[in-house]
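Shown next, in structure tokens, is the structure this report addresses.
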Amino acid sequence: YGYINETGEIVIQPKFDDAEDFAENGLAKVEINGKHGYINEKGEMVIKPQFDDAYYFSENDLAIVVLNDEYGYINQYNQQVIPLGKYHWCDCQYVCGYARVIRYDILEKKYKWGIIDTKGNVVVPFEYDKIWALQTKNPC
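In structure tokens, the structure reads:
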């Protein structure tokens, strides 16, 4: 995969196994040899392919990354804002600054759902068996 402009001219040479659209922050997820990273609009690798899976940057400029079955959120500088392994699953996007996450409750021996903010602070405690998708009818 590569990228073309509106006139069909190749602007980033096809060299990726997979490539997605650019996010508002100017980064796009790409895959090379089964690892995911991010390029800028010039085609420069700004976050090297190192993750087993990765998602697009959401409204708060955070993206979920997965490495060795551990989920976390990074910013556009590849800094772990919410560390890998803190949660067993993370929602792929924030809605109005909040995301659903799952963590394993050792005492109850089952997974529990909660909601965090963009800094990883728990705003809805991990005591629910399921939290359905966050939605908003109004702009945040």
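Residue numbers (my numbering): -12 to 127.
All C-beta atoms in this analysis are idealised placements derived from N, C-alpha and C, irrespective of residue type, glycine included.
### Query
By a C-beta neighbour count over all protein chains shown, 10 Å radius and 16 as the cutoff for buried, is G59 buried or exposed?
Your numbering for residue 59 matches position 72 in the sequence shown. Taking a 10 Å sphere around the C-beta of G59, we find 16 or more other C-beta atoms and assign the residue as buried.
### Message
How far does the beta strand (DSSP E) with W100 in it extend, from its first residue to its last?
### Response
On the sequence shown, residue 100 is found 113 positions in, with the first residue counted as 1. Counted as a single uninterrupted DSSP element, the beta strand (DSSP E) harbouring W100 occupies residues K97 to D104.
### Query
Helix, strand or coil: which one does DSSP assign to C83?
On the sequence shown, position 96 is the one that residue 83 refers to. DSSP places C83 in coil when its eight states are reduced to three.
### Query
Are the Cβ atoms of A15 and E28 separated by less than 9 Å?
Sequence index remark: in the sequence shown, residue 15 carries index 28 (1-based). Sequence index remark: in the sequence shown, residue 28 carries index 41 (1-based). Yes; because the gap between Cβ atoms is below 9 Å, this pair is in contact.
### Query
Is W76 helix, strand or coil when you go by DSSP?
Translated into positions along the sequence shown, residue 76 becomes position 89. In the structure shown, W76 sits in a strand (DSSP, three-state: E or B).
### Task
May I ask you to report which of helix, strand or coil DSSP gives Q67?
As a first step, residue 67 is located in the sequence shown; it is residue number 80 there, counting from the start. Q67 falls in the strand class under three-state DSSP.
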